[in-house]
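Asker: Can you keep this structure in mind? I'll have questions shortly.
In our numbering, the protein residues as written are 1 to 249.
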C-alpha cells in the first residue's frame with residue numbers, strides 16, 4: 001500500500017498481494033463466468049493472497065466466496081461497492097458476515113425500487129458454491145442509493161468497517177468527477193485509483209494526497225481482469241485485524 005506504509009515494515013511482517021475490487025455475476029456489469037469458485041481459483045492461479053468481493057450495492061454473493069476461499073487458503077474480505085446518492089462509487093470492507101448482513105439490511109432500505117432490465121444491463125444473480133442460482137435481484141443495482149457519501153461512510157464505520165472512495169482518478173463515478181473535490185470532513189481510510197493511471201503519475205497530479213493510503217485494484221468484471229493490478233500489503237498475518245491495522249500503520 002502506498003502512503004509510506006511499506007517504509008515502516010518490520011521484520012515480522014509478511015508480503016501479501018491483494019486485489020480489493022472484484023465483481024461477481026451478481027453485478028449487472030459482471031460477466032456470468034464470474035462465479036465464486038472461478039474467481040477464487042483464478043485469484044490463486046494469478047498469485048493473489050487476498051481479495052475483496054465488491055458487487056454493486058449488494059453483498060449477496062460474498063458468502064460462497066468466503067467458503068471457497070478457505071478451501072484455497074485465500075483471505076476473502078467481505079465487501080461492497082456502493083453507488084451513493086451523488087453517484088460516487090465507494091468501496092466498503094467489513095470484518096465479518098454479521099457486519100455484512102447488517103449492511104445488507106441498510107442497502108435493502110436505501111436501494112430505489114427501480115426494476116432492472118436484464119436485456120439491457122445484464123442479469124443480477126447470486127449463486128452457491130456449486131454455481132446454482134439461488135437469488136436474482138430484481139431491483140437495479142446500477143442506481144445510486146438513497147444516502148449520501150457521508151451517510152455511507154458513517155454506516156460503514158459504525159459496523160467496524162473500512163471505507164474507501166473508489167477509482168478517484170476516473171471522471172465517471174469518481175469523487176473528483178462527481179463532486180469536484182474530497183470533502184474535508186469525509187473520514188475515509190484510504191483512496192483507490194484505477195488501473196488506468198500509475199500511482200506516481202496520480203500523485204504528481206494530486207501532491208496533497210502524498211501522505212494518504214492509496215490502493216490500486218483491478219475492478220475486475222471478467223476473470224481475465226483479476227490481478228491485472230493489485231496492492232502490496234505487509235501484514236503480520238492474513239486476517240481482518242492485521243488488514244485493518246495496515247490503514248493506520
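The beta carbon of each residue, even a glycine, is placed where N, CA and C say it ideally should be.
Hey, residue 55 and residue 23: beta-carbon distance below 7 Å or not?
Answerer: As a first step, residue 55 must be located in the chain shown, where it is residue number 55. As a first step, residue 23 must be located in the chain shown, where it is residue number 23. Going by C-beta atoms, residue 55 is nearer than 7 Å to residue 23.
Asker: Given this structure, state the Cα-to-Cα distance separating residue 19 from residue 39, to the nearest angstrom.
Answerer: Locating residue 19 in the chain shown gives position 19, counting from the first residue. Locating residue 39 in the chain shown gives position 39, counting from the first residue. Approximately 11 Å between the Cα atoms of the pair.
Asker: Starting from residue 108, trace the alpha helix (DSSP H) both ways and give me its first and last residue.
Answerer: The count along the chain shown starts at 1 and reaches residue 108 at position 108. That run of the alpha helix (DSSP H) goes 97 to 110.
Asker: Going by DSSP, which residues form a beta bridge with residue 78?
Answerer: Position 78 of the chain shown holds residue 78. According to DSSP, which records beta bridges pairwise, residue 78 is partnered with 53.
Asker: Between which two residues does the alpha helix (DSSP H) carrying residue 202 extend?
Answerer: Taking the chain shown and counting its residues from 1, the one referred to as residue 202 is at position 202. Looking at the DSSP string, the run of the alpha helix (DSSP H) that includes residue 202 is 199 to 205.
Asker: Report the partner residues of residue 120 according to the DSSP bridge assignment.
Answerer: On the chain shown, residue 120 is found 120 positions in, with the first residue counted as 1. Note: residue 120 sits in no beta bridge, so no partner.
Asker: Spell out the partners DSSP gives residue 22 in its beta bridges.
Answerer: Stepping through the chain shown from its first residue, residue 22 is reached at position 22. In DSSP, residue 22 forms a bridge with 53, 220.
Asker: Report the rounded CA-to-CA distance for residue 53 versus residue 93, giving the unit in angstroms.
Answerer: Locating residue 53 in the chain shown gives position 53, counting from the first residue. Locating residue 93 in the chain shown gives position 93, counting from the first residue. Each residue's Cα considered, the two are about 9 Å apart.
Asker: How is residue 183 classed by DSSP in three states: helix, strand or coil?
Answerer: In the chain shown, counting from the first residue as 1, residue 183 sits at position 183. Residue 183: coil per DSSP, three-state reduction.
Asker: Measuring straight from C-alpha to C-alpha, what distance separates residue 14 and residue 182?
Answerer: In the chain shown, residue 14 corresponds to position 14, counting from 1. In the chain shown, residue 182 corresponds to position 182, counting from 1. For residue 14 and residue 182, the distance between alpha carbons rounds to 32 Å.
Asker: Under 8 Å: do the stretch 106 to 116 and the stretch 194 to 214 share three or more Cβ pairs, one atom per stretch?
Answerer: The answer is no - the stretch 194 to 214 does not touch the stretch 106 to 116, with fewer than three Cβ pairs under 8 Å.
Asker: Answer yes or no: do residue 195 and residue 242 have a C-beta to C-beta separation smaller than 7 Å?
Answerer: As a working note, residue 195 is residue 195 in the chain shown. As a working note, residue 242 is residue 242 in the chain shown. Against a cut-off of 7 Å, the Cβ pair of residue 242 and residue 195 comes out as no contact.
Asker: Quick one, which of 33, 77, 178, 32 has its alpha-carbon nearest residue 21's?
Answerer: Walking along the chain shown from the start, residue 21 turns up at place 21. The shortest Cα separation from residue 21 among 33, 77, 178, 32 belongs to 77.
Asker: Cutting at 7 Å between CB atoms, please list the residues of its own chain near residue 44, excluding the five before and the five after it.
Answerer: Here the question's residue 44 lines up with position 44 in the chain shown. The answer, listed in chain order, is 72, 74.
Asker: Could you pull the start and end residues of the beta strand (DSSP E) that residue 90 belongs to?
Answerer: Working through the chain shown from its first residue, we reach residue 90 at position 90. Looking at the DSSP string, the run of the beta strand (DSSP E) that includes residue 90 is 89 to 93.
Asker: Locate the alpha helix (DSSP H) running through residue 141, then write down its first and last residues.
Answerer: Within the chain shown, the letter at position 141 stands for residue 141. Premise fails: residue 141 is in no alpha helix (DSSP H) and is neither H nor E.
Asker: Decide if residue 158 is buried, meaning its Cβ has at least 16 other Cβ atoms within 10 Å, or exposed.
Answerer: Numbered from its first residue, the chain shown carries residue 158 at position 158. Classification for residue 158: exposed.
Asker: Taking the continuous alpha helix (DSSP H) assigned at residue 246, which residues delimit it?
Answerer: On the chain shown, position 246 is the one that residue 246 refers to. First-last of the alpha helix (DSSP H) with residue 246: 240 to 246.
Asker: Residue 235 by DSSP, collapsed to three states: which one?
Answerer: If you number the chain shown from 1, residue 235 lands on position 235. Correct three-state label for residue 235: strand.
Asker: In the structure shown, what three-state DSSP assignment does residue 48 receive?
Answerer: Translated into positions along the chain shown, residue 48 becomes position 48. Coil.
Asker: Three-state secondary structure (DSSP) at residue 168?
Answerer: In the chain shown, counting from the first residue as 1, residue 168 sits at position 168. Here residue 168 sits in coil by DSSP.
Asker: Taking 7 Å as the cut-off, decide whether the C-beta atoms of residue 187 and residue 153 are in contact.
Answerer: One-based indexing of the chain shown puts residue 187 at position 187. One-based indexing of the chain shown puts residue 153 at position 153. Taking 7 Å as the Cβ cut-off, residue 187 and residue 153 qualify as a contacting pair.
Asker: Quick one, which of 128, 79, 219, 222 has its alpha-carbon nearest residue 240's?
Answerer: By 1-based counting over the chain shown, the position of residue 240 is 240. When only C-alpha atoms are compared, the closest one is 79.
Asker: Looking at C-alpha atoms only, which residue of 176, 135, 246, 244 is the closest neighbour of residue 90?
Answerer: Your numbering for residue 90 matches position 90 in the chain shown. Nearest C-alpha to residue 90: 176.
Asker: Check this for me: beta carbons of residue 260 and residue 131, under 7 Å apart or not?
Answerer: What the structure shows of the chain is the stretch from 1 to 249, and residue 260 is not part of that stretch, so it cannot be assessed.
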